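In my numbering, the protein residues as written are 55 to 196.
All residues carry an ideal CB built from backbone N, CA and C; glycine is no exception.
Note that this is a predicted model, so its numbers are computed, not measured.
Notes to accompany the following structure.
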């Protein structure tokens, strides 16, 4: 899931497939989608990766990570574009041959700035450090 900010400064939740490459997250999005127009106007984004409900012991304590940051558009003539699209092809297959040439699609690189990991009840952590790889337990009692 992803969240963006509308022109009226309201949150807008949505979904788009993503890939990870060299420690960065990428989205390939259509201009027809509200989230794409939002990101081109305001680069703020929040991503949620969550455990499948059927795999969770309890739906209230599903493992999840929330990642906040901003996006940059990767130009089609940038060599990075080809590398990232190759990963989209590897992950998502045939559909990419249909959507890659469409002019209304843009590639976004997510620049992560903050995060939170929830492992379960009483097990919530802020993510810190340059690579968001340090866990700091959230303890409301202190």
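For the putative contact between residue 84 and residue 59, defined by C-beta atoms under 8 angstroms, what is the C-beta separation to the nearest angstrom? Looking up residue 84 in the chain shown gives position 30. Looking up residue 59 in the chain shown gives position 5. In fact, because the Cβ distance is near 18 angstroms, the residues do not count as touching under 8 angstroms.
Close-in-space but distant-in-sequence residues of the same chain around residue 150 (CB under 6 angstroms, 5 per side omitted): Taking the first residue of the chain shown as 1, we reach residue 150 at position 96. Hits under 6 angstroms: 142, 143.
Is the distance from the Cβ of residue 119 to the Cβ of residue 82 below 7 angstroms? To locate residue 119, count along the chain shown from 1; it is residue 65. To locate residue 82, count along the chain shown from 1; it is residue 28. Going by C-beta atoms, residue 119 is not nearer than 7 angstroms to residue 82.
Beta-carbon proximity list for residue 134, same chain, < 6 angstroms, skipping 5 on both sides: For the purposes of this step, residue 134 is identified with residue 80 of the chain shown, where counting begins at 1. Only 128 meet the Cβ criterion.
Ordered along the chain, which non-local residues of its own chain (more than five positions away) have a Cβ less than 6 angstroms from that of residue 101? Within the chain shown, the letter at position 47 stands for residue 101. Counting only Cβ-Cβ distances below 6 angstroms, and skipping sequence neighbours, we find 56, 121.
Residue 113 vs residue 107 beta-carbon contact at 7 angstroms: Here residue 113 is taken as the residue at index 59 of the chain shown, counted from 1. Here residue 107 is taken as the residue at index 53 of the chain shown, counted from 1. Yes. Within cutoff.
Give the straight-line distance between the Cα atoms of residue 116 and residue 168, rounded to the nearest whole angstrom. Along the chain shown, one-based indexing puts residue 116 at 62. Along the chain shown, one-based indexing puts residue 168 at 114. Each residue's Cα considered, the two are about 20 angstroms apart.
What does the Cβ neighbour count give for residue 49, buried or exposed, with the cut at 16 atoms within 10 Å? Look at the range of the chain in this structure, 55 to 196, and you will see that residue 49 is not part of it.
Locate the beta strand (DSSP E) running through residue 118, then write down its first and last residues. The sequence position of residue 118 within the chain shown is 64, counting from 1. Counted as a single uninterrupted DSSP element, the beta strand (DSSP E) harbouring residue 118 occupies residues 118-128.
Just checking, does the stretch 176-183 make contact with the stretch 155-164 on the three C-beta pairs under 8 angstroms criterion? In short, these stretches do not touch, since the Cβ pair count stays below three.
Our contact map puts residue 93 next to residue 125 with C-beta atoms below 8 angstroms; I'd like the distance itself, whole angstroms only. Within the chain shown, residue 93 is the residue found at index 39, counting from 1. Within the chain shown, residue 125 is the residue found at index 71, counting from 1. Between residue 125 and residue 93 the Cβ distance is about 5 angstroms, and since that is below 8 angstroms, they are a contact.
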